[in-house]
Ligand code: AMP
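Structure, rendered in structure tokens:
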């Protein structure tokens, strides 16, 4: 199963991708996590990406597209993958479609997690993430069992630098301008599946597994 997760920052892409990855046994590939890991390790890519990330802007396509397409060629991707945070603009979406088509392949779904801006801002104001495995928590309800320690991997749970309110608004603007149009692109390819991401987490997840368990069923 090959999935693209679309949706605003904070719509729940990372949370649901982690869960789907565990349940379906396919890797969760988050470009944001890859950039953050590079930043932590002080790589050249990390240093180049940092200034864009700090401003809430997209990292240039030339640093992003090949990185993802190479990742998809690795062994653990043979049975599928879940892309979270890629593609982020039309150029990236078309590059992915073309690379897959060159192998006679295509994605199964571009799942569009629908959450309105007001709810996004509310969620992001309390979001904390594990800087080791990327799992999200929230001061508005879902906190780790031990303060500051990830339930899943024991890593440190922190507030992301780009989750500060000013940067969140910038990222939302970038989302509306550059990323949201991709939904229409995938709709045109008959791949978009719209899922209500504003429901309680378990209810949204049930919609996702209902959709993926019924690949030939009707969805919109
Ligand atoms: P995320 O964790 O998906 O919210 O991504 C955090 C930041 O990483 C974004 O605000 C961008 O600066 C950068 N980023 C992540 N994915 C991409 C992508 N596909 N294209 C360009 N920049 C990206």
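Residue numbers (our numbering): 41 to 260.
Glycine included, each C-beta is placed from N, C-alpha and C at the ideal position.
| Check | Outcome |
| --- | --- |
| Could you tell me if the beta carbon of residue 231 falls within a distance shorter than 8 Å of some heavy atom in the ligand AMP? | no |
| Sort 192, 253, 200 and 235 by Cα distance to residue 261 and report the nearest one. | This structure cannot speak to residue 261, because the chain is shown only from 41 to 260. |
| Would you report the Cα separation of residue 186 and residue 207, rounded to the nearest angstrom? | 28 Å |
| Measure the alpha-carbon distance for residue 122 versus residue 56 and round it to whole angstroms. | 10 Å |
| Considering only DSSP beta bridges, list what residue 170 is partnered with. | 197 |
| Who are the near neighbours of residue 99 in its chain, counting only those whose CB is closer than 6 Å to its CB and skipping five residues on each side? | 89 and 92 |
| What do you get for residue 83, buried or exposed, if any count of 16 or more other CB atoms within 10 angstroms of its CB means buried? | exposed |
| Closest by CA to residue 198, which one among 184, 219, 170 and 158? | 170 |
| Quick check: the Cα distance between residue 106 and residue 137, rounded to an integer number of angstroms? | 13 Å |
| Kindly give me the distance between the Cβ atoms of residue 45 and residue 124, rounded to whole angstroms, as I take these residues to be in contact under 8 Å. | 5 Å |
| Determine, using beta carbons only, whether residue 150 and residue 64 come nearer to each other than 9 Å. | no |
| Taking 8 Å as the cut-off, does the CB of residue 137 come closer than this to any heavy atom belonging to the ligand AMP? | no |
| Give me the Cα-Cα distance between residue 183 and residue 144, rounded to the nearest whole angstrom. | 43 Å |
| Rounding to the nearest angstrom, what Cα-Cα distance links residue 249 and residue 67 in this structure? | 16 Å |
| Below 8 Å on the Cβ atoms is my contact criterion, and I expect residue 178 with residue 163 to pass it. Report the Cβ-Cβ distance as a whole number of Å. | 7 Å |
| Which residue from 42, 51, 70 and 47 puts its Cα closest to that of residue 165? | 51 |
| Note the first and the last residue of the continuous beta strand (DSSP E) segment covering residue 232. | 232 to 236 |
| Helix, strand or coil for residue 259? Go by DSSP, reduced to three states. | Any answer about residue 259 is weak, because its pLDDT of 39 lies below 50 and its placement is not dependable; what the coordinates show is given next. In the structure shown, residue 259 sits in coil (DSSP, three-state: anything other than H, G, I, E or B). |
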